Amino acid sequence: MAIAKCNVNRQSRILKHINADGPGIEIGPCHSPVAPKRKGFNVEIIDHLDREGLIKKYSGQRINTDNIEEVDHVWHGQTYVAEYYLNVVRCEGEDAWDSRKAGSLAFSHPPDAGQINYSRAKEAGEWLDVHAWCFVPHAFRLLIQDLYDLGLIQLKELSFHPTVGCEFYMTLSREGEGMPLNRMSALQEMELEITGQSAGKPSNRLKKLIKKGLRVFS
925 MAIAKCNVNR QSRILKHINA DGPGIEIGPC HSPVAPKRKG FNVEIIDHLD
975 REGLIKKYSG QRINTDNIEE VDHVWHGQTY VAEYYLNVVR CEGEDAWDSR
1025 KAGSLAFSHP PDAGQINYSR AKEAGEWLDV HAWCFVPHAF RLLIQDLYDL
1075 GLIQLKELSF HPTVGCEFYM TLSREGEGMP LNRMSALQEM ELEITGQSAG
1125 KPSNRLKKLI KKGLRVFS
């Protein structure tokens, strides 16, 4: 029951600003789709194998393969590129967004702190699931805000939810108002997340960086 409740809460955080009737794409949902077609979501699924291939790959493991839905687009060798280290600037500018339409892009991402991928033995032809992005939550928030301020993307932060378990959550939208923190506050939060310190005044390390010429914008 606790696991089921956790999954429901996770889904609600990710889908908070998503219109279930509007068209959408879910990348690499496998056996655990956040926006399942069977519940009425108007989505197309991208994965590295078709449904039959995914069922064959994960049969015998402790997952419910009945939850694997039909895959609309098989993206051999590229699904995890979009899923784990998406080029936000190129995707937002060229592929995912029509300038005439509004929409939302929902992210869930493991925080960098404590997130380690250990080396694995090489096996010819084996597909390795590698988490390549490394962000603490406020580093990602600040990055998105900077990209918008530089005119490289047209999306702003619509909502943010701090780390729960192993993920933090963020929704981007043309209708977003952006990060509500000034730059100094975001940098302080970043340092606290990296070092695991409690909230408080800027550390000596951050003060030294500022004295050396780190520009801090409010």
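Position one of the sequence shown corresponds to residue 925 (the working numbering), numbered consecutively onward.
Even for Gly, the Cβ is constructed at its ideal location relative to N, Cα and C.
These figures come from a predicted structure and were not determined experimentally.
Buried is the label assigned to L973, since at least 16 other Cβ atoms lie within 10 Å of its Cβ.
Remark: C-beta atoms of K940 and T1087 do not approach each other more closely than 8 Å. Each residue's CA atom was taken as its position, placing I987 and D945 some 28 Å apart. Just measuring C-alpha positions, the residue of I1118, T1119, F1084 sitting nearest G1102 is F1084. The beta carbons of H997 and I979 sit about 17 Å from each other, so the pair does not count as a contact at 8 Å. Selection D1070, S1097, L1066, R1098 evaluated against E1113 yields L1066 as nearest (Cα-Cα).
With a cutoff of 8 Å on beta-carbon distance, P957 and N933 are scored as not near each other. Within the DSSP bridge table, the entry for G948 names V967 as partners.
Between N1106 and the set H955, D1070, Q935, the nearest pair of CA atoms involves D1070. Taking C-beta atoms as the reference points, E993 and K963 fail to come closer than 8 Å. DSSP places M1094 in the strand class (E or B) of the three-state scheme.
Using a Cβ distance threshold of 8 Å, N966 and P947 count as a contacting pair. Taking the Cα of Q1078 as reference, the smallest distance to any Cα among E950, R975, G1100 is reached at G1100. Residue burial is scored here from C-beta neighbours: L1074 has fewer than 16 other C-beta atoms within 10 angstroms and is therefore classed as exposed. Around the beta carbon of E1117, a 10 Å sphere encloses 16 or more other beta carbons of the protein chains shown; the residue is thus reported as buried.
Residue burial annotation: E976 is exposed, with fewer than 16 other C-beta atoms found within 10 angstroms of its C-beta. Residue nearest to H1000 within the set I951, P1104, T989 is I951 (criterion: CA-CA distance). Under the DSSP assignment, F1084 falls in the beta strand (DSSP E) whose first and last residues are 1080 to 1088. Residue nearest to E1081 within the set L1111, S1097, V1060, N943 is S1097 (criterion: CA-CA distance). Of the candidates F1064, Q985, L1076, P1104, F1064 places its Cα closest to the Cα of E1115. In the DSSP assignment, D1073 falls within the unbroken alpha helix (DSSP H) covering 1061 to 1073.
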